[in-house]
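Mapping the sequence shown onto UniProt numbering, position 274 (from 1) lands on 274, and the numbers just tick up by one. Backbone N, C-alpha and C fix where the C-beta goes; we use that ideal spot for every residue, glycine too.
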Amino acid sequence: MIREIYPHIYLNEIPLPHNPLKTLNSYIVLSGDRPLILDTGFDLEVCKAAFMEGVEELQIDLQKTDLVLSHMHVDHTGLADFLVERGCQVYIGEKDGILLNNYRTSPGLIMGELNKVLNLGQEMNSTEKAVFDITPKKPLAYTPLNEGDCLETGLYQWEVINIPGHSPGHIGLYERRHKLFLGGDHILNEITPNITFFHYKIDSLGNFIRSLEKIRGYDIEQVFPAHRSLIANHRQRIDELIAHHQERLVEIAEILRDGKKTVGQTASKMQWELRYNSWDDFPLAQKWFASGEAMAHLEHLVHKGDVRRVNHDGEAYYELVN
Numbered sequence: 001m002i003r004e005i006y007p008h009i010y011l012n013e014i015p016l017p018h019n020p021l022k023t024l025n026s027y028i029v030l031s032g033d034r035p036l037i038l039d040t041g042f043d044l045e046v047c048k049a050a051f052m053e054g055v056e057e058l059q060i061d062l063q064k065t066d067l068v069l070s071h072m073h074v075d076h077t078g079l080a081d082f083l084v085e086r087g088c089q090v091y092i093g094e095k096d097g098i099l100l101n102n103y104r105t106s107p108g109l110i111m112g113e114l115n116k117v118l119n120l121g122q123e124m125n126s127t128e129k130a131v132f133d134i135t136p137k138k139p140l141a142y143t144p145l146n147e148g149d150c151l152e153t154g155l156y157q158w159e160v161i162n163i164p165g166h167s168p169g170h171i172g173l174y175e176r177r178h179k180l181f182l183g184g185d186h187i188l189n190e191i192t193p194n195i196t197f198f199h200y201k202i203d204s205l206g207n208f209i210r211s212l213e214k215i216r217g218y219d220i221e222q223v224f225p226a227h228r229s230l231i232a233n234h235r236q237r238i239d240e241l242i243a244h245h246q247e248r249l250v251e252i253a254e255i256l257r258d259g260k261k262t263v264g265q266t267a268s269k270m271q272w273e274l275r276y277n278s279w280d281d282f283p284l285a286q287k288w289f290a291s292g293e294a295m296a297h298l299e300h301l302v303h304k305g306d307v308r309r310v311n312h313d314g315e316a317y318y319e320l321v322n
């Protein structure tokens, strides 16, 4: 379903089957000589059909179109190869472009490393594997974007802003004159962006909070997010997101107060808005996301010096410093 949400800017709603996010907001800027499209949906026929329905309704020539990927995640990049084959010029933040192609050429590498760290100790069922196993397996041809780069589309000039956190190389597009922000998964209404562990040297949560504070300083009248509803008051929503993560950090510190815990032990004691009676009932995919988010918070506390990571019998534990 496609609709105009601002003069010459359209929202194309792409279904995300078997995914709690349900839909992706793909944006089309139809002004000037080259249309600009932000994000694509999964590499699935149902996503492709919805995407192309919008393209055809607006009579877009893909050979004269720029496709921008806000970040590396497969719900945003899945159709990129299909669109490259049809002539699109693809752009992505430099850091996420490298990570995306590393992940594509080493299938399961990131997930395998996380599973080893998280020690979840069980296999995904066939449905869960199918959800994860939709990443194209060849490198993507793209042009890297960096802070300060500009993409011009007729009435609009989009400035590239680096906003790491949800992914290490997440970018947003800011239109200064019209005070618009194409934000990807950086600021979402109704739900909180998933912040997960990437590497011990990367403070994902710290980066996310700093990026939120950065965007808070921008003059924005409308945020166009990748999921859920549009956002009119970005500062209010940013304050809510930061407060949520501060509450999470307090919760984790309380969990660690009675002794050191593994990531899985910590995640199992946290409160999650999921309809299951206990941690044992969580599907493995949900355990994986929850544990990754718990680990991002634990590692943020390590970076702050409030928690230390210790090895015990070959497994990582976290304990309060004081």
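| Check | Outcome |
| --- | --- |
| Buried or exposed by the 16-neighbour rule on C-beta atoms within 10 Å, applied to residue 200 | exposed |
| Residue 317, DSSP secondary structure in three states | strand |
| 8 Å contact criterion, which residue 104 and residue 144 should meet: CB distance rounded | The Cβ separation is near 16 Å, so there is no contact. |
| Residues that residue 336 bridges to, as DSSP identifies them | In the structure displayed, the chain extends from 1 to 322; residue 336 sits before or after that span and is not available. |
| Alpha-carbon spacing of residue 16 relative to residue 166, whole angstroms | 19 Å |
| Inter-residue spacing [alpha-carbon to alpha-carbon] between residue 304 and residue 247 | 16 Å |
| CA nearest to the CA of residue 27, picked from 46, 180, 95, 203 | 180 |
| Residues near residue 271 by beta carbon distance below 8 Å, same chain, minus five either side | 251 |
| Per DSSP, cross-strand counterpart(s) of residue 265 | DSSP lists no partner for residue 265. |
| Continuous beta strand (DSSP E) assignments of at least 3 residues falling wholly in the stretch 174–232 | 180–184, 222–225 |
| Strand pairing of residue 150, partner residues [DSSP] | 159 |
| Cutoff 7 Å; reference residue 308; Cβ partners in own chain excluding five residues on either side | 302, 319, 321 |
| Residue 294 classed as buried or exposed, judged by whether at least 16 other C-beta atoms fall within 10 angstroms | buried |
| Strand pairing of residue 235, partner residues [DSSP] | Note: residue 235 sits in no beta bridge, so no partner. |
| Alpha carbon of residue 262 to alpha carbon of residue 316, nearest angstrom | 6 Å |
| Own chain residues within Cβ distance below 6 Å of residue 267, not counting five before or after | 290, 291, 294 |
| CA-to-CA distance, residue 225 to residue 20, given in whole angstroms | 16 Å |
| Those residues which DSSP pairs with residue 89 across a bridge | 66 |
| Those residues which DSSP pairs with residue 255 across a bridge | Bridge partners of residue 255: none, in fact. |
| Residue 227 and residue 83 closer than 8 Å at C-beta | no |
| Straight-line gap, residue 258 to residue 296 (C-alpha atoms, nearest Å) | 21 Å |
| Residue 55 burial status per 10 Å Cβ neighbour count (16 or more: buried) | buried |
| Euclidean distance between Cα positions of residue 140 and residue 70 | 15 Å |
| Boundaries of the beta strand (DSSP E) in which residue 6 is found, first to last residue | 2–6 |
| Contact set for residue 68: own chain, Cβ-Cβ below 6 Å, skip 5 residues either direction | 38, 91 |
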